[in-house]
Amino acid sequence: MTLLKGAVPYGEGDPVDILIEDGFVSEIGTPESDGGEVIDAHGLIALPGFVDLHTHLREPGREDTETIETGSAAAALGGYTAVFAMANTDPVADNPVIVEHVWRRGREVGLVDVHPIGAVTVGLKGERLAELGAMARSDANVRIFSDDGLCVADPLIMRRALEYSRGLDVLIAQHAEEPRLTVGAQAHEGETAARLGLAGWPAAAEESIVARDCLLAGHVGARLHVCHVSTAGTADVLRWAKARGTQVSAEVTPHHLLLDDDRLNTYDPVNKVNPPLRTSSDAKALREALAEGVIDCVATDHAPHAPQDKDCEWSAARPGMLGLQTALSVVVRTMVQPGLLDWRGVARVMSERPAEIAGLPDHGRPIAAGEPANLVLVDPKATWTVNGARLASLAGNTPYEGMELPGVVKATMLRGKLTARDGQAVR
Ligand code: DOR
Ligand code: ZN
């Protein structure tokens, strides 16, 4: 039994006490607790635990950069109660053995619900469909499939994947990048890349695939999820597709909300990511699209990389940045502080919508009696300074190094058990 004393659910109204028993919220108001743990939550906002549809946990294969254990700790510290682990591991998660390993290891660690994402194509090669059905029926119960890191570029393979996904009631999540338009690409195609002499990654490489896939999904009658939307034009395509009834959902990363290609001037590869940081007007359009609901949710694309893969020349560096422990703070900075979202909106984009998109019944639920106690307590007034070496991830590649950010996760609870408290993961 745990009593959260004086929390404000969704940052609305008066403080309440939230009693947690047997993994569920049992009472809200002024309940008596006899003997259980009491957590002083005065001044804190209670939200449903966050759900990340896009996390790279690197296990199996690159346990030097992250493991399911360290990534789960980072997730719990970031306020997450469920994460979806991308399939671009080594070996690739394109069969039941690998997805069941990830699922089991996540359960053993127990800090966050780890749901493996299965690959769409064998070995992420884009040539033959993986055994989606076998992964969906495995113990891992795979619900999302993606070749993320790579695009399912062949329209025939993509159409087949969408057809199967409809039959299996699973979701295809596309990394939208027309590979013929991004050969050798190093940075957003525009003034900055031209000045720095970096080969350009044109916005149209993303937008053309999103438009194509919306049409394919519409014709097939399947659902589609668009990973890490990065351009204003993609937001326009999504607005159009949603208006005509296409079943499409989309995510944006915290870094595409806050950062832009001005950051590239130093050639520091910590800013190298795929899709690349775009212009400040793209970032503004993404913030507006998220506020409007055209983009459904925030997903981190947490991508740990080893020092030798990041502290090197720009063209040799791998794309990707850490995101799990900084996501909430970046959302507060970019969306809450400017008045684009209130805390109810934060719950929507970081918990409720991602849980709905993934079909998770126990996450993103209302904070109410009888609901599973998957919760996060946030101090909205506190700030913290990011230090990559002190994050729980094995890698340290954060683009926010030294930045003071608003919003501190004080505690995270998974099925009534504390998984993080005052900056420490609790196992
Ligand atoms: O920047 C990225 N890093 N984008 C991706 O699509 C893949 C990811 C990774 O696996 O490092
Ligand atoms: Zn991707």
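Quick note on the numbering used here: the sequence shown kicks off at 26 and runs consecutively. By construction, the Cβ of each residue, glycine as well, lies at the ideal position given by its N, Cα and C atoms.
| query | In whole angstroms, what is the alpha-carbon distance linking A118 and H126? | reply | Distance between the alpha carbons of A118 and H126 is about 9 Å.
| message | If you follow the beta strand (DSSP E) that W339 is in, where does it begin and where does it stop? | response | Per DSSP, W339 belongs to no beta strand (DSSP E) and is neither H nor E.
| query | Beta carbon of A308, beta carbon of L283: below 9 Å? | reply | Their beta carbons are under 9 Å apart, which means A308 touches L283 by this criterion.
| request: Taking only heavy atoms of the ligand ZN into account, decide whether any of them is closer than 8 Å to the Cβ of H126. | output: no
| message | Going by DSSP in three states, E429 sits in which element: helix, strand or coil? | response | E429 falls in the strand class under three-state DSSP.
| Proximity winner among H81, D115, P379, relative to L196 (alpha-carbon distances) | P379
| request: Identify which residue in K406, V177, A218 has its Cα closest to the Cα of Y292. | output: A218
| How would you label T410, buried or exposed, when you count the other beta carbons within 10 angstroms and need 16 or more for buried? | exposed
| For D77, which three-state DSSP category applies? | strand
| query | What is the DSSP secondary structure of V251, reduced to helix, strand or coil? | reply | strand
| message | Does the distance between the C-beta of C337 and the nearest non-hydrogen atom of the ligand DOR fall short of 8 Å? | response | no
| Neighbourhood of M111 by C-beta distance below 6 Å, restricted to the same chain and skipping five residues each side | H81, I142, D173
| task | Note down, one range per segment and in chain order, each alpha helix (DSSP H) of at least 4 residues found wholly within the segment 329-368. | result | Every alpha helix (DSSP H) of 4 residues or more that sits fully in the segment 329-368 is shown, in chain order, as 332-335, 352-356.
| field | Among A394, S306, R130, D286, the one whose alpha carbon lies nearest that of N299 | value | D286
| Whole-number beta carbon distance between A352 and V371, since they are thought to touch under 8 Å | About 10 Å; that fails the 8 Å criterion.
| request: Compute the Euclidean distance between the alpha carbons of E62 and T27, then round it to the nearest angstrom. | output: 5 Å
| query | Where does K297 fall in DSSP's three states? | reply | coil
| Are there 16 or more other CB atoms within 10 angstroms of the CB of Q199, so buried, or fewer, so exposed? | buried
| Is V303 near the ligand DOR, judged by its Cβ being under 8 Å from some heavy atom? | Reading off the sequence shown, one finds Arg at residue 303, where the question assumed Val. No; taking the cut-off as 8 Å, the Cβ of R303 has no heavy atom of the ligand DOR nearer than that.
| message | I'd like to know if the segment 47-63 and the segment 393-402 are in contact, where contact means that at least 3 CB-CB pairs between them fall below 8 Å. | response | yes
| task | For E52, write down the residues that DSSP places opposite it in a beta bridge. | result | L44
| field | For the ligand ATP, residues whose Cβ lies under 7 Å from any non-hydrogen atom | value | Of the ligands this structure carries, namely the ligand DOR and the ligand ZN, none is the ligand ATP.
| message | Classify G258: buried if its beta carbon has 16 or more other beta carbons within 10 angstroms, exposed otherwise. | response | By the neighbour-count rule (16 or more Cβ atoms within 10 Å), G258 is buried.
| message | Taking contact to mean 3 or more Cβ pairs, one atom from each stretch, closer than 8 Å, check whether the segment 161-179 and the segment 58-73 are in contact. | response | Result no; under three Cβ-Cβ pairs closer than 8 Å.
| query | If you run the structure through DSSP and keep just helix, strand and coil, what is T27? | reply | strand
| From R358, R83, G389, residue whose alpha carbon lies closest to that of V433 | R358
| query | CB of H250 to nearest heavy atom of the ligand DOR: below 8 Å? | reply | no
| How would you write the range of the alpha helix (DSSP H) that H140 sits in, first residue to last? | Where H140 is concerned, there is no enclosing alpha helix (DSSP H), although the beta strand (DSSP E) it sits in stretches over 138-141.
| Under a three-way DSSP split, which group does E91 fall into? | coil
| message | Measuring only the C-alpha atoms, how far is P227 from I93? | response | 34 Å
| said: Suppose the cutoff is 8 Å on Cβ atoms and the five residues either side in sequence are ignored; what does the same chain contact list for F170 look like? | reply: A112, I142, G143, A144, V145, A155, L157, M160, A186, S190, V195, L196, I197, A198
| message | Using a 10 Å radius around the Cβ and a threshold of 16 neighbouring Cβ atoms, would you call C337 buried or exposed? | response | exposed
| task | Compute the distance between the beta-carbons of C176 and E202, then report whether it is under 9 Å. | result | yes
| message | Using DSSP's beta-bridge definition, name the partner residues of E276. | response | C322
| query | How many Å lie between A407 and P431 at the Cα? | reply | Roughly 6 Å between the two C-alpha positions.
| request: Go through its chain and collect everything with a Cβ distance to G270's Cβ below 8 Å, but skip five positions before and after it. | output: G243
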